[in-house]
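Q:
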Amino acid sequence: MKYTVELKPKAEKDLKTMLKNESRRMYDALLALESGLKGEIKKLTDHWPEYRLRMGNWRALFEIEGDRIIVYRIRHRREAYR
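Take 952 as the starting number for the sequence shown in my numbering and just add one per residue.
And the structure:
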């Protein structure tokens, strides 16, 4: 299934605070989601947003609404689930 990836303003800000090579890897992984749910994706229990994408020590927290993937935050693993 084809998806459209949408970054919320906080997620864009989070990308800018990361190191250049890490932010490029995370951005590429998020773009890969457009062609399907690929990568280390997990449905979270008792947490909002419902899904996370793992990329090294970083986590992208997102939801799926129809054919859109909405990325809310990109956080370091120690801060992601607070």
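Note that beta-carbon positions come from the ideal geometry of N, C-alpha and C, so glycine has one too.
Decide if R1033 is buried, meaning its Cβ has at least 16 other Cβ atoms within 10 Å, or exposed.
A: exposed
Q: Go ahead and pull the three-state DSSP assignment for A1031.
A: coil
Q: With a Cβ-Cβ cutoff of 8 Å, do S986 and K953 count as a contact?
A: yes
Q: Would you check if the region 1018-1031 and the region 960-976 touch, i.e. whether three or more CB-CB distances between them fall below 8 Å?
A: yes
Q: Checking 8 Å against the spacing of the C-beta atoms, do R1019 and T955 come in under that value?
A: Yes, these two residues count as a Cβ contact at 8 Å.
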